[in-house]
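Count along the sequence shown starting at 1, add 1145, and that's the number in our numbering.
Backbone N, C-alpha and C fix where the C-beta goes; we use that ideal spot for every residue, glycine too.
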Amino acid sequence: MSDKTTYALLIYRVKDSRPGQGAREETLEGHRALQKEAHAAGDLHAVARLDLPDRVKTVYPDTGVVTDGPFVESKEWLAGFYLVDCATEDEAVARARLICCDPDHVVVVRPAIWRWQP
């Protein structure tokens, strides 16, 4: 059992503009660096890039009804995430900085209180 804490690095799209090629390459380099480093350390549990918000379905527990959306009046939406083990919160923030390179996205660092472990 590790003494590390699992953190969710939640990537939110906050603008609708397209980043320039330089910002895009810098961001992709950051993602590759984080994936390589965290995987080599045995700290990487999951990475996902999520589809656009117009592809979302919502399931309601009381009725079982499934609807399109939600279509929230917000320009921010969850674009992807990482689940990584980190020894400290500072390490989690440092890893988030690797993937927070363009002005269209922010990364929220959030400790997980539980995750499934096979």
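* Identified DSSP bridge partners for Y1227 -> Here residue 1227 refers to the residue found at position 82 when the sequence shown is read from its first residue. Per DSSP, L1154 and V1192.
* **Rounded C-alpha distance that separates L1173 from T1208** => Mapped onto the sequence shown, residue 1173 falls at position 28. Mapped onto the sequence shown, residue 1208 falls at position 63. Roughly 41 Å separates the two Cα atoms.
* I1258 to E1170, Cα distance in whole Å? -> For the purposes of this step, residue 1258 is identified with residue 113 of the sequence shown, where counting begins at 1. For the purposes of this step, residue 1170 is identified with residue 25 of the sequence shown, where counting begins at 1. Each residue's alpha carbon lies about 33 Å from the other.
* How big is the Cα-Cα spacing for C1246 and W1222? -> In the sequence shown, residue 1246 corresponds to position 101, counting from 1. In the sequence shown, residue 1222 corresponds to position 77, counting from 1. One C-alpha to the other measures close to 17 Å.
* To do: Have a look at V1229 and D1199 and give me their C-alpha separation to the nearest angstrom.
  => Here residue 1229 corresponds to residue number 84 of the sequence shown, with the count starting at 1. Here residue 1199 corresponds to residue number 54 of the sequence shown, with the count starting at 1. Rounded to the nearest angstrom, the two C-alpha atoms are 28 Å apart.
* Asked: For the alpha helix (DSSP H) that D1235 lies in, which residues bound it at each end?
  -> Residue mapping note: residue 1235 aligns to position 90 of the sequence shown, counting from 1. It spans E1234 to I1244 - the alpha helix (DSSP H) in which D1235 sits, taken as one unbroken run.
* Which of helix, strand or coil DSSP assigns to P1256 -> Taking the first residue of the sequence shown as position 1, residue 1256 is located at position 111. The answer is strand: DSSP assigns P1256 an E or B state.
* Look at the Cβ atom of R1158, then the Cβ atom of A1237, and state whether they are nearer than 7 Å. => Against the sequence shown, residue 1158 aligns to sequence position 13. Against the sequence shown, residue 1237 aligns to sequence position 92. No; because the gap between Cβ atoms is not below 7 Å, this pair is not in contact.
* Is D1148 helix, strand or coil when you go by DSSP? -> Numbered from its first residue, the sequence shown carries residue 1148 at position 3. Here D1148 sits in coil by DSSP.
* **8 Å contact criterion, which T1151 and R1260 should meet: CB distance rounded** => Counted from its first residue, the sequence shown places residue 1151 at position 6. Counted from its first residue, the sequence shown places residue 1260 at position 115. About 5 Å separates the two Cβ atoms, so the contact holds.
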